[in-house]
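A.B. asks: Take the sequence shown: its letter number 190 is residue 190 in UniProt numbering, and every next letter is one higher.
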Amino acid sequence: MKQLVIIGQGPAGISAALYAVRGGADVTVIANGAGALARAGLIQNYYGFENGISGRELIEAGVRQAEKLGVRMVRGELFGIEYGEDGFAVKTSAGTLEAGAAVIACGTQRNTPPIDGIDAFDGRGVSYCAVCDAFFFRGKKVGVVGSGAYAASEYEVLKGVIQDVTALTNGEAPQFSLPCDTRKIARLEGGDALERVVFADGSAEAFDGLFIACGTAGAFELSRKLGLETANGKIVTDERRATNVPGIFAAGDCTAGMQQIAKAVCDGMIAGTEALKYLKALAKQ
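1. Classify Thr96: buried if its beta carbon has 16 or more other beta carbons within 10 angstroms, exposed otherwise.
2. By alpha-carbon positions, which one of Ser153, Leu226, Leu228 and Ala256 ends up nearest to Glu239?
3. Tell me which residues share the same chain as Ala167 and place their Cβ nearer than 6 Å to its Cβ, disregarding the 5 neighbours each side in the sequence.
4. Between the beta-carbon of Gly24 and the beta-carbon of Asn111, is there less than 8 Å?
5. Along the alpha helix (DSSP H) that carries Asp133, what are the first and last residues, could you check?
6. Is Asp201 close to chain C? Criterion is C-beta to C-beta, closer than 8 Å.
7. CB-CB under 8 Å to Val265, same chain, minus the five flanking residues each way: which ones, in chain order?
8. On the three-pair Cβ rule with 8 Å, is the region 27-43 touching the region 68-82?
9. What did DSSP end up calling Arg72 once you bin it into helix, strand or coil?
10. Figure out for me which residue from Tyr278, Thr243, Ala281 and Leu279 has the closest Cα to the Cα of Ile104.
11. Can you tell me which of the three DSSP states Ser54 falls into?
12. What distance in whole Å lies between the Cβ atoms of Arg241 and Ala193, which are believed to be in contact at a cut-off of 8 Å?
13. Can you tell me the Cα-Cα spacing of Lys263 and Ser153, whole angstroms?
14. In angstroms with no decimal places, state the Cα-to-Cα distance between Gly233 and Leu222.
15. Which partner residues of Leu168 appear in the DSSP bridge assignment?
16. Would Gly55 be called buried (16 or more neighbouring beta carbons within 10 Å of its own) or exposed?
17. Taking its Cβ as the centre, do 16 or more other Cβ atoms sit within 10 Å of Thr182, making it buried, or is it exposed?
18. What do you reckon, are the CB atoms on Ala206 and Lys280 nearer than 8 Å?
19. Compare the Cα-Cα distances from Gly148 to each of Ser93, Asp253 and Gly139 and report the closest residue.
20. Whole angstroms is fine: what's the gap from Gly171's alpha carbon to Met258's?
21. Could you pull the start and end residues of the alpha helix (DSSP H) that Ile270 belongs to?
22. Ordered along the chain, which non-local residues of its own chain (more than five positions away) have a Cβ less than 7 Å from that of Arg22?
23. On a CA-only basis, which of Gln65, Asn51 and Ser203 is nearest Tyr19? Give me that one, please.
24. Looking only at C-alpha atoms, which of Ala219, Ala186 and Ala217 sits nearest to Gly202?
25. Per DSSP, what kind of secondary structure is Tyr19 in: helix, strand or coil?
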């Protein structure tokens with residue numbers, strides 16, 4: 001049976017891992033930190049903890065439980081999920097993981113920097129997916145906004161298609177060795193499409209496109225890369241927590257519904273169970 005890769009170590013991701021590994025799946029969880037739940041000082045509305053529990057304690061207990069059952073935990077920055085020769089290729093800073101199925105359970109964060117005009121040019125020069133949109137900017141000048149490994153990964157994708165690519169760290173110290181422009185970006189300007197980037201020092205430079213790659217790839221970026229159906233900023237799933245792409249499931253805050261731990265655990269249970277069924281069916285083919 002092929003590997004199941006789960007993105008996120010919160011309640012949804014770990015719940016999916018627990019149900020899948022107990023059913024016989026080969027499970028790897030990729031995460032780059034504890035996530036938003038770790039900032040919750042005291043949780044008092046989750047079953048079984050009469051005196052409450054902190055978000056960090058809950059996450060750490062879940063991870064230990066998963067590891068005891070044989071789930072592999074990979075610490076690394078996620079770059080994206082691509083279609084592979086035999087399923088999916090999950091690209092991370094720790095290497096590429098081959099998967100027959102994947103569960104996206106990495107919350108709702110959209111890594112959009114606070115730049116004036118960035119939303120106005122979304123789809124009109126601003127993109128969140130190099131693999132998806134590099135083709136449309138051939139022969140043009142583009143920038144990649146970000147300072148970490150994810151930005152470096154998107155830069156390399158773009159350089160394979162576009163000659164004129166500039167890394168823009170937006171005032172942050174670069175965490176890569178690429179040539180880059182470290183000026184703070186003030187705003188984006190243009191007409192029907194993006195035309196220029198205006199920096200905080202008052203200078204401006206012409207750009208035909210900007211690819212946003214701040215932080216690590218989250219649910220929003222993964223949706224763009226895979227062509228997942230979304231609605232109101234959430235990944236659309238059916239009652240099995242399956243997306244419109246066979247083999248890709250989603251659970252927790254990246255899907256519609258209440259952003260509560262109880263709901264995330266339930267989502268994870270369903271997604272992990274259904275991903276297991278999907279992998280078993282693949283193995284029989």
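In this text, a Cβ means the ideal position worked out from N, Cα and C, and glycines have one as well.
C.D. replies: For this structure:
1. Under this definition Thr96 is an exposed residue.
2. Ranked by Cα distance from Glu239, the options Ser153, Leu226, Leu228 and Ala256 are led by Ala256.
3. Counting only Cβ-Cβ distances below 6 Å, and skipping sequence neighbours, we find Val144, Tyr155, Leu178 and Cys180.
4. Contact flag unset, no.
5. Start and end: Ala130 to Asp133.
6. In the structure shown, chain C cannot be found, because there is only a single protein chain.
7. These residues qualify, in order along the chain: Pro11, Ala12 and Ser15.
8. Yes: the two stretches touch, three or more of their Cβ pairs being nearer than 8 Å.
9. The three-state secondary structure of Arg72, taken from DSSP, is strand.
10. When only C-alpha atoms are compared, the closest one is Thr243.
11. Under the three-state reduction of DSSP output, Ser54 falls in the coil class, being neither helix nor strand.
12. In fact, because the Cβ distance is near 37 Å, the residues do not count as touching under 8 Å.
13. The alpha-carbon atoms of Lys263 and Ser153 are separated by roughly 34 Å.
14. Distance between the alpha carbons of Gly233 and Leu222: 12 Å.
15. Paired residues: Val145 and Asp181.
16. Buried, because 16 or more other Cβ atoms sit within 10 Å of the Cβ of Gly55.
17. Classification of Thr182: exposed, given that the 10 Å Cβ count is below 16.
18. Not closer than 8 Å, so no.
19. Closest by C-alpha distance to Gly148, out of Ser93, Asp253 and Gly139, is Ser93.
20. If you take the alpha carbons of Gly171 and Met258, they lie about 36 Å apart.
21. Ile261 to Lys284 is the span of the alpha helix (DSSP H), which, as asked, contains Ile270.
22. For Arg22, where only same-chain residues beyond five positions count, the Cβ hits under 7 Å are Leu69.
23. Nearest C-alpha to Tyr19: Gln65.
24. If we check each option's Cα against that of Gly202, Ala186 comes out closest.
25. Helix at Tyr19.
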